[in-house]
Amino acid sequence: MERIESDHNLIVMKWGENKKVRRPWRFQNMWLEDPRFFQELDIWLGENAQGTGDIFLFARKLHSIKAKLKVWNKEVFGNIDKRVEDLLIKIKELERVEEERILHDGEREERAKLEIDLRRDLFLQEICWRQKSREVWVKLGDKNSGYFHQMANYRRKVNRVEKLKIEGRNVDDPVDVASGIVRFYQNLFKEDLVCRPFPCWVWEHHLEELDKVLLCRDFTEEEIWDALRECDGSKAPGPDGFTLEFFKRGWSCLKSEVLRVFKEFHSTGALPKCVKHSFVCLAPKKDVVEEIKDLRPINLIGSINKLINKVLSKRLGVVLPKLISKQQHSSVKGRQIAEAGLIANEVVESRRKSRKPGLMFKLDIEKAFDNVNWGCLLKIMELMGFPVRWRNWVKGSMFDYNVSILINGEANGFFPVSKGLRQGDPISPGLFVMVMDVLSLMLEKVRANGMFEGFFMDEKKKIGEVTHLLYADDTLIFCDANHDQVLNILATLVMFQMVTGLRINLEKSVMYSVGDVADPSYFAAIFGCKWSSESPKYLGYPLGAKPNDRSVWDGIVEKYQNRLNGWGSRKLSYGARLVLINAVLSGSPTYLFSLFKAPKGVIKDLEGYQRRFLWNGKSEGNKMALIEWEWCKSPVKKGGLGIHDLERFNDALLSKWLWRFATERDSWWRGLINSKYPNDLSSWQTKRERHGFSRSVWANISKEYDSFWNYAAIDPGNGTQVSFWHDCWIPGIVLSASFPRVAAAVLDPEARLSDVANTQGELSLQGTLETRG
Numbered sequence: 001m002e003r004i005e006s007d008h009n010l011i012v013m014k015w016g017e018n019k020k021v022r023r024p025w026r027f028q029n030m031w032l033e034d035p036r037f038f039q040e041l042d043i044w045l046g047e048n049a050q051g052t053g054d055i056f057l058f059a060r061k062l063h064s065i066k067a068k069l070k071v072w073n074k075e076v077f078g079n080i081d082k083r084v085e086d087l088l089i090k091i092k093e094l095e096r097v098e099e100e101r102i103l104h105d106g107e108r109e110e111r112a113k114l115e116i117d118l119r120r121d122l123f124l125q126e127i128c129w130r131q132k133s134r135e136v137w138v139k140l141g142d143k144n145s146g147y148f149h150q151m152a153n154y155r156r157k158v159n160r161v162e163k164l165k166i167e168g169r170n171v172d173d174p175v176d177v178a179s180g181i182v183r184f185y186q187n188l189f190k191e192d193l194v195c196r197p198f199p200c201w202v203w204e205h206h207l208e209e210l211d212k213v214l215l216c217r218d219f220t221e222e223e224i225w226d227a228l229r230e231c232d233g234s235k236a237p238g239p240d241g242f243t244l245e246f247f248k249r250g251w252s253c254l255k256s257e258v259l260r261v262f263k264e265f266h267s268t269g270a271l272p273k274c275v276k277h278s279f280v281c282l283a284p285k286k287d288v289v290e291e292i293k294d295l296r297p298i299n300l301i302g303s304i305n306k307l308i309n310k311v312l313s314k315r316l317g318v319v320l321p322k323l324i325s326k327q328q329h330s331s332v333k334g335r336q337i338a339e340a341g342l343i344a345n346e347v348v349e350s351r352r353k354s355r356k357p358g359l360m361f362k363l364d365i366e367k368a369f370d371n372v373n374w375g376c377l378l379k380i381m382e383l384m385g386f387p388v389r390w391r392n393w394v395k396g397s398m399f400d401y402n403v404s405i406l407i408n409g410e411a412n413g414f415f416p417v418s419k420g421l422r423q424g425d426p427i428s429p430g431l432f433v434m435v436m437d438v439l440s441l442m443l444e445k446v447r448a449n450g451m452f453e454g455f456f457m458d459e460k461k462k463i464g465e466v467t468h469l470l471y472a473d474d475t476l477i478f479c480d481a482n483h484d485q486v487l488n489i490l491a492t493l494v495m496f497q498m499v500t501g502l503r504i505n506l507e508k509s510v511m512y513s514v515g516d517v518a519d520p521s522y523f524a525a526i527f528g529c530k531w532s533s534e535s536p537k538y539l540g541y542p543l544g545a546k547p548n549d550r551s552v553w554d555g556i557v558e559k560y561q562n563r564l565n566g567w568g569s570r571k572l573s574y575g576a577r578l579v580l581i582n583a584v585l586s587g588s589p590t591y592l593f594s595l596f597k598a599p600k601g602v603i604k605d606l607e608g609y610q611r612r613f614l615w616n617g618k619s620e621g622n623k624m625a626l627i628e629w630e631w632c633k634s635p636v637k638k639g640g641l642g643i644h645d646l647e648r649f650n651d652a653l654l655s656k657w658l659w660r661f662a663t664e665r666d667s668w669w670r671g672l673i674n675s676k677y678p679n680d681l682s683s684w685q686t687k688r689e690r691h692g693f694s695r696s697v698w699a700n701i702s703k704e705y706d707s708f709w710n711y712a713a714i715d716p717g718n719g720t721q722v723s724f725w726h727d728c729w730i731p732g733i734v735l736s737a738s739f740p741r742v743a744a745a746v747l748d749p750e751a752r753l754s755d756v757a758n759t760q761g762e763l764s765l766q767g768t769l770e771t772r773g
């Protein structure tokens, strides 16, 4: 620009048009703390809405309430940040006056009122930023707004998409990026082959008549409220903008409307499309996002649809254990992910010891949830015996809907979906394991026909066979190093893809060899996947590794430290740091703690990070501790801070397996372990491995038996299932361990407690104590 009376030139820089982002409206949970809100809500719900059907009318009422809330927030509630700022200015002004003179009574009363208002508004501000940050583990009222603010900004930065490689070229224009993402998901969510072939099978497991009645019974207020209470009220809402916290806190006002919605859905099995419309938000799978496939689509569904599906998922969860194959360990009540890790480790260790060559295939299923064929799902439910009404409910709440893609906070596109299960929908995991059960059924039929053979817990006796393991779509298949077996498994996977619509990505699938396989790359080439010579892992658990090897734990230690240094922890209060250590950090190593005994050096390192984080706010550097660490690990009721003792925590998790073995008599994992470590003298515990070192996970877990029986005892019942000598039916005492010489010499070491006790509980030891010679 032209210079005027100065030797400096003014430079004007134009950065281009700054487009204002239209972010979807979202209900703010802080409004629920204002009593005026519920007064208005009663009035708004009483107004008439245009339309037919209770579900559509309630959706229209929510839409009307949204419009009124925008006005109420602006004209009545106000901007919370501005309110806090104005209160601080007024308080500081009174403090300035107090420095010059004594405040009179009216001014002191005014300051006291301002301070009360400030505490209230700071709490509301904390609720607001906590909701935006999604950091729900930190309790409210602990003055952590700065931390919530920082984490909200961090989430926004991490989730922001600025440039991507789309269709082979780098794109950084926001409009082109958005249109490219929308095109990608339009193609992904479109079913090319609506009608797929389905074998005429007789499904192994069927619903019983009572289960059918219970599945389709009337919805009750208690059932709906129980489902609502289990929902996280701070989760990101769907297109209607209402969080489930709104429904929880406003239940007394909304109850009658919600009950009418459920009543109509029960009879019609249909939801209006406006209710089923959902957003798809994109979560990064890795630190640096380069392509669209590096983003994970998560569905944000509307509040009505979400609550209905939550109730349906709870009903489905009751019957799934009776229907889903034993190999599936996800979304089935009573089964745990660690069971799959335990079984995989034990069966691999048995195969390795047998010296018989074998193969493991770890499959990668491409975008598993997004590719499920709806017709296949309905056919599976029909074969499993689900009633027509239930199938119509699933169809009405899950199929035939439209989505919009959230890109950098703005909704883009509006297009129909014709396949897939919504990630983020409460019922999707249960429905997905039903689809994956097709693979279990196929593999079982192929095995039964002698076309391939799995690994055995006891390879010599050929008992305890494991052909495959599943955790949702994480699949591990075992077979002999045999050309025909590999081809038969591959053919089975091709049929599975045709039936379900799921796609096995063989390029990302991995084959591992167990034992001395002559040419592993040959079998990998037949299968079409890559062969890895590295130590195998499944579900994050190392398979066949030495539990006391430091390399097993390096990943968890590094992750532990990175999580500490990654948080804006200096902004956390001491109380919040304590919650973080117990709720998040102590849970971080829990995954490996549940199967492996951690070396003392690992425990020492992890507790060192905890200690420095508590006092210093990060895992590095030192700061004077206010109390000694051992006292920090003492229970709160004894004056400590209640921080978990990681070594004892590790022992407790391992001992839990021993308790489960004694109580879960019908579980698959227990039967497999019992086939490998049979104990003829006691049905409550396995045979113990006597040698000092073993790669066997269970052999190392069973070392906890001695300490376990110090804290547990068997309820003898009628005594027929309890060994007199070898079971702990007296608290803290096992007779064979307390009196080893006598137990070794008795004529009947297998005597039951019922053999020596009458119905009054009196013992008669005559004959039981007779010894040989």
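Per full-length UniProt numbering, the sequence shown starts with residue 1, numbered consecutively.
Glycine residues also receive a C-beta, built at the ideal position from the N, C-alpha and C atoms.
Residue i vs residue j beta-carbon contact at 7 Å
| i | j | result |
| --- | --- | --- |
| residue 426 | residue 331 | no |
| residue 780 | residue 328 | Given a span of 1 to 773 for the chain in the structure shown, any question on residue 780 remains unanswerable. |
| residue 535 | residue 524 | no |
| residue 299 | residue 424 | yes |
| residue 238 | residue 301 | yes |
| residue 26 | residue 250 | no |
| residue 87 | residue 114 | yes |
| residue 84 | residue 280 | no |
| residue 33 | residue 124 | yes |
| residue 442 | residue 475 | no |
| residue 627 | residue 657 | no |
| residue 526 | residue 466 | no |
| residue 611 | residue 629 | yes |
| residue 366 | residue 548 | no |
| residue 219 | residue 246 | no |
| residue 830 | residue 606 | Outside the shown range of the chain (1 to 773) lies residue 830, about which nothing can therefore be said. |
Reference residue i, options the options, closest by Cα
| i | options | result |
| --- | --- | --- |
| residue 291 | 422, 161, 638 | 161 |
| residue 268 | 367, 228, 392, 217 | 392 |
| residue 398 | 410, 387, 420 | 420 |
| residue 38 | 254, 595, 464 | 254 |
| residue 111 | 121, 123, 122, 98 | 98 |
| residue 394 | 430, 70, 644 | 430 |
| residue 538 | 348, 258, 702 | 348 |
| residue 577 | 533, 642, 547 | 642 |
| residue 462 | 376, 170, 672, 591 | 672 |
| residue 243 | 555, 128, 656 | 128 |
| residue 387 | 407, 316, 532 | 316 |
Endpoints, the alpha helix (DSSP H) within which residue i is located
| i | result |
| --- | --- |
| residue 330 | Neither: residue 330 is in no alpha helix (DSSP H) and is coded neither H nor E. |
| residue 174 | 174–188 |
| residue 677 | Where residue 677 is concerned, there is no enclosing alpha helix (DSSP H), given that its DSSP letter is neither H nor E. |
| residue 317 | 303–323 |
| residue 614 | 600–616 |
Cβ distance (whole Å) where residue i is taken to contact residue j below 8 Å
| i | j | result |
| --- | --- | --- |
| residue 223 | residue 311 | 6 Å |
| residue 456 | residue 464 | 6 Å |
| residue 29 | residue 131 | 5 Å |
| residue 175 | residue 164 | Contact flag wrong, Cβ pair sits at about 13 Å. |
C-alpha gap between residue i and residue j, whole angstroms
| i | j | result |
| --- | --- | --- |
| residue 368 | residue 321 | 22 Å |
| residue 231 | residue 67 | 25 Å |
| residue 515 | residue 356 | 6 Å |
| residue 401 | residue 234 | 24 Å |
| residue 561 | residue 603 | 13 Å |
| residue 50 | residue 60 | 8 Å |
| residue 512 | residue 439 | 20 Å |
| residue 522 | residue 478 | 17 Å |
| residue 555 | residue 379 | 43 Å |
| residue 46 | residue 372 | 42 Å |
| residue 383 | residue 473 | 21 Å |
| residue 79 | residue 273 | 34 Å |
| residue 142 | residue 573 | Model confidence at residue 142 stands at a pLDDT of 49, short of 50, so the residue's coordinates are unreliable; what they give is reported in the following sentence. Going from the Cα of residue 142 to the Cα of residue 573 covers about 7 Å. |
| residue 140 | residue 126 | Note on residue 140: pLDDT 46, under 50, position unreliable in the model; no value is reported. |
Residue i, enclosing beta strand (DSSP E) - first and last residue
| i | result |
| --- | --- |
| residue 401 | 401–407 |
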